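First the structure, in the form of structure tokens, and then the observations on it.
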Amino acid sequence: QEGKIIQELLTRKKGTTVSKLLETFSLNDLASELQNKAPNIWEALTVLSKNPTRKKEDLILIHSCIHKTYQRSLHSQKANNFQAVISMFLIGSGSAKHKMEVLAHAGLCLSYTATMKHLRVLSAEATAKYRAVIRSCMCSIVWDNLNI
Numbered sequence: 155q156e157g158k159i160i161q162e163l164l165t166r167k168k169g170t171t172v173s174k175l176l177e178t179f180s181l182n183d184l185a186s187e188l189q190n191k192a193p194n195i196w197e198a199l200t201v202l203s204k205n206p207t208r209k210k211e212d213l214i215l216i217h218s219c220i221h222k223t224y225q226r227s228l229h230s231q232k233a234n235n236f237q238a239v240i241s242m243f244l245i246g247s248g249s250a251k252h253k254m255e256v257l258a259h260a261g262l263c264l265s266y267t268a269t270m271k272h273l274r275v276l277s278a279e280a281t282a283k284y285r286a287v288i289r290s291c292m293c294s295i296v297w298d299n300l301n302i
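Position 40, counted from 1, in the sequence shown is what my numbering calls 194; the numbers after and before it change by one each time, with no gaps.
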């Protein structure tokens with residue numbers, strides 16, 4: 155049940171642009187929403203993160219279940235907000251292609267190819283925006299020099 159909630163939180167609404175996603179994405183907001191809407195997974199992750207050296211079988215099992223749920227709920231690369239934002243950050247900070255591919259295989263970001271598609275879409279959105287501004291704000295400077 156909570157896996158579906160996480161999937162809904164990280165899935166873009168239809169028609170959401172890449173630029174709007176980058177403007178509105180907040181890791182703090184995501185964390186508070188996860189705490190409220192998926193408290194069991196949040197609690198399990200909190201317990202696991204407090205004692206990383208602990209080797210109890212039940213914690214390993216819980217970790218495996220959470221990882222499986224996370225991977226299953228984040229399967230669609232096109233619809234995942236978190237992966238898209240992290241991918242754009244990695245491209246913007248100059249990460250190498252092979253490093254991005256490793257992170258993509260771990261499920262933390264989009265593949266390099268998918269990231270480049272998002273970047274092209276973002277570029278097209280920005281181009282359309284500045285062309286609209288140029289069309290709407292066209293002006294002329296006229297100098298009246300007849301009275302001199």
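We treat Cβ as the ideally placed atom computed from N, Cα and C, and that holds for glycine. Every value quoted in this text rests on a predicted model; they were computed, and no experiment measured them.
Sheet register partners of residue i (DSSP bridge)
| i | result |
| --- | --- |
| glycine 165 | At residue 165 the sequence reads threonine, which differs from the glycine that was named. Answer by DSSP bridge pairing, in chain order: Asn234. |
Neighbour-count burial assignment, residue i, 16 or more Cβ in a 10 Å radius
| i | result |
| --- | --- |
| cysteine 291 | exposed |
| serine 247 | exposed |
| valine 239 | buried |
| histidine 272 | buried |
| threonine 269 | buried |
| glutamine 155 | exposed |
| valine 287 | exposed |
| threonine 170 | exposed |
| alanine 250 | exposed |
| valine 172 | buried |
| alanine 258 | buried |
DSSP three-state assignment for residue i, whether helix, strand or coil
| i | result |
| --- | --- |
| alanine 278 | helix |
| serine 173 | helix |
| glycine 261 | coil |
| phenylalanine 179 | coil |
| alanine 198 | helix |
| glutamine 189 | helix |
| serine 249 | coil |
Distance, residue j Cα to residue i Cα
| i | j | result |
| --- | --- | --- |
| lysine 158 | lysine 283 | 35 Å |
| phenylalanine 179 | glutamine 161 | 15 Å |
| phenylalanine 356 | glutamine 237 | Here the chain comprises residues numbered 155 to 302, so residue 356 is not present and cannot be evaluated. |
| proline 193 | arginine 285 | 46 Å |
| aspartate 183 | alanine 280 | 26 Å |
| serine 119 | valine 275 | Residue 119 is absent from the structure shown; the chain starts at 155 and stops at 302. |
| leucine 163 | serine 241 | 18 Å |
| isoleucine 245 | lysine 168 | 24 Å |
Cβ neighbours of residue i in the same chain (closer than 7 Å, five flanking residues each side left out)
| i | result |
| --- | --- |
| glutamate 255 | Ser265, Tyr266 |
Residues of its chain near residue i, where Cβ-Cβ distance is below 6 Å and the 5 sequence neighbours each way are ignored
| i | result |
| --- | --- |
| tryptophan 196 | Leu188, Gln189 |
| glutamine 231 | With a pLDDT of 46 at glutamine 231, under the threshold of 50, the modelled position of that residue is not reliable, and the figure given next carries that caveat. Cβ neighbours of glutamine 231 beyond the five flanking positions: Leu264, Ala268. |
| valine 201 | none |
| lysine 191 | Ile159 |
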